[in-house]
Amino acid sequence: MTKRQLTATAGLLLLAMLLTVLIGVFDARRRVIAAEGNDLRTGQSAWVTATLDELRRARGAFEPGTKVFVGLEDRVRAVAILSGRWTDVPLHDGHALTGRPGEALVGADVAVRGDDLVIDGTTYTVVGRLGVRTDSLLSDDVVLADPSQFSASPQRLLLDGPSSVRHYNAQFPGRSVEIIDDGTNRRTNVDAVSPVLVTLGALVVALIALIAGLQAGRWELRAAAVRFMTGVRPLTTLRSAAIRVGVISTAACATALVGATAARHATNLDLDVTAAVAAVGTVALAVSATSFWHGSRRWNW
C-alpha cells in the first residue's frame, strides 16, 4: 500500500472503532436510563417466593447480571447478585457494588455521615449515588449489599435479569411466578427506538470494517504482484501484507480501547466494548486476508 492508501485504510478503521465506542456509550446510557425509570429493574422481572440460599445454589443457571431484591422498608431494599456483576445501575457519583457485604447505594436526598450510612444499627459504606442526575427518580432510595437481610425462610423476592423467569421456572418447576409486565409503561424512545438505532449503528460499523478490509486486500494485492514479478517469494509477500494490515488493525483497536477507558471515567458508565472492538478488527483482517488470498490464487495481477 502507498502512504495515501495506508492512511485511507487506517482512517476507515479508526472511524469504525470510534463509532463502536460511541454506540457503546449510547447503549450503556440508554440501559441505565431505562433502569432508573423501571425502579432499577433491567431485565425480565418477576416476584417469586424463595430463599436466597435456594437461588444461590442455582446461580449457575442464571445469566450474568441476574440479581434479587428484598424490600426492607419504604424506599430501602437489599440486593444479592446471583451471577456476574450489576452493570446497569444508574449512578451520578461513585461506583457500582463490588459484591462485598456492607456496601450501599443511596440517592442524593439520603443523609449520610461521610461515607457511612446507619440503618437499624448497622453501618454501611456508601460507594455510589443512585440516579443518572442528582435530581432523579431514585433520590430517596437505598440499596444495601447485605445477605443477612434475607430471611432463611421462603419470602417474596424480586428476581431480575436476562431471561430470569425462564431460568427460574427451569430450576424450580411448579412454583408460583408473578411476571412484572411493563405494558404501556415502556417509553418509546428508550425502550423501542434506541435499540433499533444501536442495531443500525452496528450494521454501519460492520459495513465500514468490510470496506476497509476489501480495500486493504486489493491494495496489498497490487503491491504483491510487483514483488512477485521481481522474484520475491509468495510466502514472504503474504507475510509482509499480513503484518502491515495487522499493525493497522491493532493500532486502531488500541486507540478504541483507550477511548473507551476515557469515556468510562468521564461518564461513570460501566462501559466494556472490548468484544465489539475486537470483532471489528477481526472482520477487517479476515476480509482483507480473504480478498488477498482469493486474488493471489488466480495470479491475475
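Just so you know, the sequence shown maps onto residues 1248 to 1548 in my numbering. All C-beta atoms in this analysis are idealised placements derived from N, C-alpha and C, irrespective of residue type, glycine included.
Following the continuous beta strand (DSSP E) through residue i, name the residue where it begins and the one where it ends.
| i | result |
| --- | --- |
| Thr1296 | Gln1291 to Ala1297 |
| Phe1419 | No beta strand (DSSP E) contains Phe1419, which DSSP labels as neither H nor E. |
| Arg1376 | Thr1369 to Leu1377 |
| Ala1351 | Glu1350 to Val1353 |
| His1339 | Leu1338 to Gly1341 |
| Gln1396 | Counting along the chain, Gln1396 falls outside any beta strand (DSSP E), and DSSP gives it neither H nor E. |
| Gly1408 | Gln1402 to Gly1408 |
| Leu1364 | Asp1363 to Ile1366 |
Do residue i and residue j have their C-beta atoms within less than 8 Å of each other?
| i | j | result |
| --- | --- | --- |
| Ala1463 | Thr1256 | yes |
| Leu1352 | Gly1375 | yes |
| Gly1318 | Arg1324 | yes |
| Gly1349 | Tyr1371 | yes |
| Phe1419 | Ala1510 | no |
| Leu1461 | Val1534 | yes |
| Ala1282 | Asp1335 | yes |
| Val1268 | Val1445 | no |
| Arg1491 | Asp1388 | no |
| Ser1410 | Glu1310 | yes |
| Gly1528 | Ser1496 | yes |
| Leu1266 | Gly1448 | yes |
| Trp1540 | Gln1252 | no |
| Ala1275 | Val1326 | no |
| Leu1261 | Ala1417 | no |
| Gly1346 | Ile1328 | yes |
Tell me whether residue i is buried or exposed, calling it buried when 16 or more other Cβ atoms sit within 10 Å of its Cβ.
| i | result |
| --- | --- |
| Gly1250 | A small fix is needed here, since residue 1250 is Lys in this sequence, not Gly. With fewer than 16 Cβ atoms within 10 Å of its Cβ, Lys1250 is classed as exposed. |
| Asn1432 | Low per-residue confidence applies at Asn1432: pLDDT is 48, beneath 50, and the placement is therefore not dependable, though the value from the model is reported in the following sentence. Burial call: exposed. |
| Asp1300 | exposed |
| Leu1518 | buried |
| Met1264 | buried |
| Trp1333 | buried |
| His1414 | buried |
| Gly1430 | With a pLDDT of 49 at Gly1430, under the threshold of 50, the predicted position of this residue should be treated as unreliable, though the coordinate-derived value follows. When all chains shown are included, Gly1430 counts as exposed. |
| Arg1278 | buried |
| Asp1382 | exposed |
| Gly1361 | exposed |
| Gly1271 | buried |
| Pro1337 | buried |
| Ser1292 | buried |
| Leu1385 | buried |
| Val1315 | buried |
Quick one: measure Cβ to Cβ for residue i and residue j, integer angstroms, because I've assumed they're closer than 8 Å.
| i | j | result |
| --- | --- | --- |
| Arg1288 | Asp1407 | 5 Å |
| Ile1426 | Val1412 | 6 Å |
| Gly1542 | Leu1468 | 4 Å |
| Ala1489 | Ala1536 | 7 Å |
query: Unbroken beta strand (DSSP E) runs of length 3 or more, entirely within the segment 1273 to 1331: which are they?
result: Complete beta strand (DSSP E) runs here, min 3: 1291 to 1297, 1314 to 1320 and 1323 to 1328.
Alpha helix (DSSP H) segments (min. 4 residues) lying fully within the segment 1458 to 1521: Unbroken alpha helix (DSSP H) stretches of 4 residues or longer found wholly inside the segment 1458 to 1521: 1481 to 1514, given in chain order.
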